[in-house]
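**Q** Quick one: the structure is below, and I'll ask about it shortly.
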Amino acid sequence: MVKRKGLSTTMYICFAEYKIAAGERDAYLAYVHALMKESGQNVQIYEGTDQINLFVEIWTAATEEEAEAIKKERCDERSSWYRVAEWIPGGADKMHVWTFKPAGAGLNAG
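Counting in this note's numbering, the sequence shown runs from 1290 upward without gaps.
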């Protein structure tokens, strides 16, 4: 949950996962870091420690609708983020994108 001025809201995420082609890691990282710097969007990039060149993007959103909008934009061919598919063996079809919400009945439940 995110607390804002006494209010609690459920945090949603849009999660993208893909593997970059061998030899393309440096080009991919340079592009993604430039994109993150110029866009100022709320996204973090993680690299797998067990699988070489496996990456995930975690986009945070305040609402499910916002997370779904991020997902739609992220998968749109006109998005500057779509170019990442060039470095994925098999292209955009091998990029997996999902929306998540907090699970369970505890404090973080949605």
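Note that the Cβ used here is the ideal one computed from N, Cα and C, for glycine as well.
Below 6 Å CB to CB, which residues in the same chain sit around residue 1352 once its five sequence neighbours on both sides are set aside?
**A** Here residue 1352 refers to the residue found at position 63 of the sequence shown. Once the five neighbours on either side are set aside, residue 1352 has no close Cβ partner at all.
**Q** Can you tell me where the alpha helix (DSSP H) holding residue 1360 begins and where it ends?
**A** The residue labelled residue 1360 in the question sits at position 71 within the sequence shown. From DSSP, the alpha helix (DSSP H) with residue 1360 extends over 1353–1364.
**Q** Run through the DSSP bridge pairs and tell me what residue 1305 is partnered with.
**A** By 1-based counting over the sequence shown, the position of residue 1305 is 16. Its beta-bridge partners are 1346, 1386.
**Q** Helix, strand or coil: how does DSSP classify residue 1327 here?
**A** Working through the sequence shown from its first residue, we reach residue 1327 at position 38. If DSSP states are grouped into helix, strand and coil, residue 1327 belongs with the helices.
**Q** Residues bridged to residue 1335 by DSSP?
**A** Here the question's residue 1335 lines up with position 46 in the sequence shown. Residue 1335 pairs with 1345.
**Q** Spatial neighbours of residue 1380 within its chain, please: C-beta separation below 8 Å, excluding the five flanking residues on both sides.
**A** Working through the sequence shown from its first residue, we reach residue 1380 at position 91. Taken in chain order, the residues that qualify are 1374.
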